[in-house]
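Beneath this line is the structure, given in structure tokens, with notes to follow.
Chains as they are written, first to last, in the numbering used here: chain A, 34 to 410; chain B, 171 to 367.
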């Protein structure tokens with residue numbers, strides 16, 4: 034799979050820009066702040082309907098414009114598919130697939146498969162567990178789109194259950210004689226266990242498949258200095274890491290029963306996949322707090338590359354994007370990374386300094402200027 | 171801003187669901203230029219809806235008398251009862267022409283985020299109806315979303331000990347559609363609910 038052409042209208046700093054991309058390596062060169070990342074952000078948005086930099090859509094639209102358009106032609110198995118997205122902040126996005134309008138913007142998901150590594154990903158190692166849960170869930174949905182529904186259902190149930198617990202908590206605090214209306218808590222427990230078991234099983238299967246890829250990718254990036262490991266740490270006691278849905282639902286139900294009084298006390302759901310952690314280790318030590326900046330950075334990169342490898346092992350050939358990666362690496366690591374990603378069906382690399390990109394990845398080169406993109410070789 | 175009555179009308183129309191300020195203004199000026207008899211008919215319909223329409227004392231569907239048309243119909247069976255969230259769900263099921271039992275309208279679904287619990291729905295009234303002993307099957311036709319599913323589970327937990335058979339509407343693929351156009355959630359559910367042929 035590769036992106037053949039990308040066009041932006043009123044997206045971020047670009048009023049109107051179009052660029053023809055090639056299979057294999059594409060290097061976007063430009064000074065800091067000219068808008069290299071905006072280009073890859075647009076592609077990321079087509080792949081996930083989400084920006085890796087901001088939570089809301091408003092910053093994506095150029096100042097003074099009311100909507101932004103991203104148009105890209107994706108070639109997959111020799112066929113070209115046109116994907117067009119119009120981003121209207123505060124309203125539903127409009128999408129076109131081929132020549133006809135899509136019923137919902139969500140229908141374009143899957144048209145472009147993409148793995149993006151950006152400087153923000155350092156948070157995967159240094160940030161809260163929520164960052165790592167999102168990494169797992171995004172990859173899970175990328176591999177098996179069905180999990181988008183499981184994830185949304187689970188999040189909704191947790192929200193409703195928390196609302197119920199909070200009402201009970203407040204009723205208690207203000208001295209209400211009855212502890213709020215907790216009669217329906219058993220119902221929410223059932224649904225939480227059911228959707229939670231589904232999500233948990235999906236994540237456990239994913240982590241099992243991902244682990245060897247993470248070790249391999251870290252080893253390649255860091256050249257044998259320490260072994261990287263990942264382990265899923267559920268918030269509930271599991272006798273063994275099973276992926277049997279019924280057994281997991283049972284364990285979740287038991288855990289909810291055991292923490293019931295604490296949950297009513299604190300007014301929030303304390304067990305379930307939304308409290309789980311993906312533990313990252315370097316040798317015997319946890320990566321968080323112990324890893325150096327360089328090691329954290331290599332680990333974050335290894336997590337993304339492992340996701341990329343896993344998708345390729347599934348027979349999906351995603352586009353790989355490395356945003357501002359090479360400046361952070363020494364020469365040896367640059368060469369090894371280049372070797373690792375050299376076989377990508379399409380690779381997009383952004384950098385400020387031309388010489389940072391190893392010779393092996395020279396490929397097609399583009400000069401990014403203020404609002405313009407020009408092919409230079 | 172307009173003055174007096176026209177602005178009052180625009181303000182009132184703007185409070186209706188789905189009507190924004192621009193639409194309210196357009197409707198208001200349409201009313202202003204319309205034939206007086208048409209306007210009187212509209213005003214009459216608005217008044218009448220509040221005066222005449224009430225809720226059926228049995229199933230809580232909208233009705234024009236003590237009981238709604240469905241509850242009065244002697245040809246329907248009392249043995250099957252279908253629970254729905256809103257009166258518009260009754261209309262939807264009636265359009266199928268498949269169902270010959272009675273209804274019970276809850277008036278919503280359990281939704282803690284909006285502060286709606288079982289006490290805010292007509293669940294106590296449902297239990298009284300079931301306690302009479304004529305109903306043998308209860309069909310749960312709440313919406314297939316998080317809140318509707320939770321309401322269905324809640325009712326199932328309460329009703330099953332009474333020895334009444336409880337069923338839930340199936341969810342799956344729309345008829346006459348293409349498989350390729352089904353979203354992954356619907357298709358996933360349809361896979362879960364597949365049956366032998």
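Just so it is clear, CB atoms sit at the ideal spot from N, CA and C, and this is done for glycine as well. Predicted, not measured: the structure shown is a model, and the values here were computed from it.
Checklist entry - Is residue 271(A) helix, strand or coil when you go by DSSP? => result Working through the first chain from its first residue, we reach residue 271(A) at position 238. Residue state, collapsed to three classes: coil.
Next on the checklist: Are the CB atoms of residue 148(A) and residue 351(A) within a distance shorter than 7 angstroms?
Outcome noted: Stepping through the first chain from its first residue, residue 351(A) is reached at position 318. Stepping through the first chain from its first residue, residue 148(A) is reached at position 115. Yes.
Item to check | Partner residues on chain B for residue 189(A), Cβ-Cβ distance less than 7 angstroms | outcome: As a working note, residue 189(A) is residue 156 in the first chain. Per Cβ cutoff of 7 angstroms: 316.
Checklist entry - Nearest chain B C-beta to residue 179(A) closer than 7 angstroms, yes or no? => result As a working mapping, residue 179(A) is identified with position 146 in the first chain. It does: the Cβ of residue 179(A) has a partner Cβ on chain B nearer than 7 angstroms.
Next on the checklist: Please identify, using Cβ separations under 8 angstroms, the residues of the stretch 87 to 104 of chain A that lie next to chain B, in order along the chain.
Outcome noted: none
Next on the checklist: According to DSSP, is residue 55(A) part of a helix, a strand, or is it coil?
Outcome noted: Translated into the one-based positions of the first chain, residue 55(A) becomes position 22. In the three-state scheme derived from DSSP, where H, G and I count as helix and E and B as strand, residue 55(A) is classed as coil.
Checklist entry - From what residue to what residue does the beta strand (DSSP E) around residue 36(A) run? => result Residue 36(A) sits at position 3 when you count from the first residue of the first chain. Unbroken beta strand (DSSP E) run through residue 36(A): 35 to 44.
Next on the checklist: Taking the beta strand (DSSP E) that residue 397(A) belongs to, which residues open and close that run?
Outcome noted: In the first chain, the residue the question calls residue 397(A) occupies position 364. Looking at the DSSP string, the run of the beta strand (DSSP E) that includes residue 397(A) is 397 to 402.
Checklist entry - Given that residue 307(A) touches chain B, what residues does it touch there, using C-beta distances under 8 angstroms? => result Here residue 307(A) refers to the residue found at position 274 when the first chain is read from its first residue. Residues of chain B passing the Cβ test: none, with the nearest at roughly 15 angstroms.
Next on the checklist: Strictly below 7 angstroms CB to CB, what residues from chain B border residue 470(A)?
Outcome noted: No statement about residue 470(A) is possible, as the shown extent of chain A runs from 34 to 410 and does not include it.
Item to check | Boundaries (first-last residue) of the alpha helix (DSSP H) holding residue 237(B) | outcome: The count along the second chain starts at 1 and reaches residue 237(B) at position 67. No alpha helix (DSSP H) contains residue 237(B), which DSSP labels as neither H nor E.
Checklist entry - Should residue 321(A) be labelled buried (16 or more other beta-carbon atoms within 10 Å of its own) or exposed? => result The residue labelled residue 321(A) in the question sits at position 288 within the first chain. Counting Cβ neighbours within 10 Å, residue 321(A) comes out buried, since at least 16 surround it.
Item to check | alpha helix (DSSP H) runs contained entirely in the stretch 57 to 92 of chain A, provided each spans 4 or more residues | outcome: 69 to 81
Item to check | C-beta atoms of residue 184(B) and residue 194(B) nearer than 7 angstroms | outcome: Translated into positions along the second chain, residue 184(B) becomes position 14. Translated into positions along the second chain, residue 194(B) becomes position 24. Yes. Within cutoff.
Checklist entry - Just checking my contact of residue 168(A) with residue 306(A) at CB under 8 angstroms: how many whole Å lie between their CB atoms? => result Here residue 168(A) corresponds to residue number 135 of the first chain, with the count starting at 1. Here residue 306(A) corresponds to residue number 273 of the first chain, with the count starting at 1. The beta-carbon distance between residue 168(A) and residue 306(A), rounded to whole angstroms, is 14 angstroms. This is too long to meet the 8 angstroms contact definition.
Next on the checklist: Can you tell me whether residue 248(B) is buried or exposed? The criterion is at least 16 other CB atoms within 10 Å of its CB, across all chains shown.
Outcome noted: On the second chain, residue 248(B) is found 78 positions in, with the first residue counted as 1. Residue 248(B) should be labelled exposed.
Item to check | Any chain A beta carbon closer than 7 angstroms to residue 400(B) | outcome: Since the first and last residues shown for chain B are 171 and 367, residue 400(B) lies out of range.
Checklist entry - So, residue 191(A) versus residue 232(A), is the Cβ gap smaller than 7 angstroms? => result On the first chain, residue 191(A) is found 158 positions in, with the first residue counted as 1. On the first chain, residue 232(A) is found 199 positions in, with the first residue counted as 1. Residue 232(A) sits away from residue 191(A), with the two beta carbons spaced by 7 angstroms or more.
Checklist entry - Would a check of beta-carbon distances place residue 230(B) closer than 7 angstroms to chain A? => result Along the second chain, one-based indexing puts residue 230(B) at 60. Taking Cβ atoms only, chain A never reaches closer than 7 angstroms to residue 230(B), which makes this a no.
Next on the checklist: Based on DSSP bridge pairs, tell me the residues matched to residue 133(A).
Outcome noted: Here the question's residue 133(A) lines up with position 100 in the first chain. The partner list for residue 133(A) (beta bridge, DSSP) reads 130(A).
Checklist entry - Quick one: what's got a C-beta closer than 7 angstroms to residue 222(A)'s C-beta in the same chain, skipping five residues either side? => result For the purposes of this step, residue 222(A) is taken as residue 189 along the first chain, with counting starting at 1. So the list reads 286 and 289, once near-sequence residues are dropped.
Checklist entry - Helix, strand or coil for residue 409(A) per DSSP? => result Locating residue 409(A) in the first chain gives position 376, where the first residue counts as 1. Assignment of residue 409(A) by DSSP, reduced to helix, strand and coil, places it in the coil class.
Checklist entry - Pick from 66(A), 401(A) and 330(A): whose alpha carbon is nearest that of residue 156(A)? => result Residue numbering aside, residue 156(A) sits at position 123 when the first chain is read from its first letter. Here the closest residue by C-alpha is 330(A).
Item to check | Alpha-carbon spacing of residue 255(B) relative to residue 230(B), whole angstroms | outcome: If you number the second chain from 1, residue 255(B) lands on position 85. If you number the second chain from 1, residue 230(B) lands on position 60. Approximately 10 angstroms, taken between the alpha carbons.
Checklist entry - In terms of residues, what are the limits of the alpha helix (DSSP H) holding residue 356(A)? => result Position 323 of the first chain holds residue 356(A). Not the alpha helix (DSSP H): residue 356(A) falls in the beta strand (DSSP E), residues 352 to 356.
Item to check | Member of 302(A), 407(A) and 235(A) whose CA lies at the smallest distance from the CA of residue 225(A) | outcome: If you number the first chain from 1, residue 225(A) lands on position 192. Of the listed residues, the one whose Cα sits closest to residue 225(A) is 302(A).
Next on the checklist: If you reduce the DSSP assignment to three classes, tell me which class residue 210(A) lands in.
Outcome noted: Here residue 210(A) corresponds to residue number 177 of the first chain, with the count starting at 1. Because the pLDDT of residue 210(A) is 47, which lies under 50, any placement of that residue in the model is unreliable, and the question is left without a value.
Next on the checklist: For residue 313(A) and residue 336(A), what's the separation of their Cα atoms in angstroms?
Outcome noted: Here residue 313(A) refers to the residue found at position 280 of the first chain. Here residue 336(A) refers to the residue found at position 303 of the first chain. For residue 313(A) and residue 336(A), the distance between alpha carbons rounds to 10 angstroms.
Item to check | residue 181(A) classed as buried or exposed, judged by whether at least 16 other C-beta atoms fall within 10 angstroms | outcome: As a working mapping, residue 181(A) is identified with position 148 in the first chain. Its Cβ being crowded by 16 or more others within 10 Å, residue 181(A) is buried.
Checklist entry - Below 7 angstroms between beta carbons: does that hold for residue 398(A) and residue 60(A)? => result Within the first chain, the letter at position 365 stands for residue 398(A). Within the first chain, the letter at position 27 stands for residue 60(A). Going by C-beta atoms, residue 398(A) is nearer than 7 angstroms to residue 60(A).
Checklist entry - Taking DSSP as the reference, what is the three-state secondary structure of residue 113(A)? => result Counting from one through the first chain, the residue named residue 113(A) turns up at place 80. Three-state result, residue 113(A): strand.
Checklist entry - Hey, is residue 354(B)'s beta-carbon within less than 7 angstroms of any beta-carbon in chain A? => result Position 184 of the second chain holds residue 354(B). Residue 354(B) counts as touching chain A.
Item to check | chain A contact residues for residue 320(B), given Cβ-Cβ distances below 9 angstroms | outcome: The sequence position of residue 320(B) within the second chain is 150, counting from 1. Near residue 320(B) (Cβ distances below 9 angstroms), the residues of chain A are 190, 193, 217, 220, 221, 223 and 224.
Item to check | Short CB-CB distance (under 7 angstroms) between residue 210(A) and chain B | outcome: For the purposes of this step, residue 210(A) is taken as the residue at position 177 of the first chain. Because the pLDDT of residue 210(A) is 47, which lies under 50, any placement of that residue in the model is unreliable, and the number read from its coordinates should be weighed accordingly. No, no contact with chain B.
Checklist entry - Which two residues bound the contiguous alpha helix (DSSP H) that contains residue 307(A)? => result Translated into the one-based positions of the first chain, residue 307(A) becomes position 274. Run containing residue 307(A): none; DSSP gives neither H nor E here.
Next on the checklist: Determine whether the beta carbon atoms of residue 360(A) and residue 158(A) lie at a separation below 7 angstroms.
Outcome noted: Here residue 360(A) refers to the residue found at position 327 of the first chain. Here residue 158(A) refers to the residue found at position 125 of the first chain. Cβ distance not < 7 angstroms, so residue 360(A) and residue 158(A) don't count as in contact.
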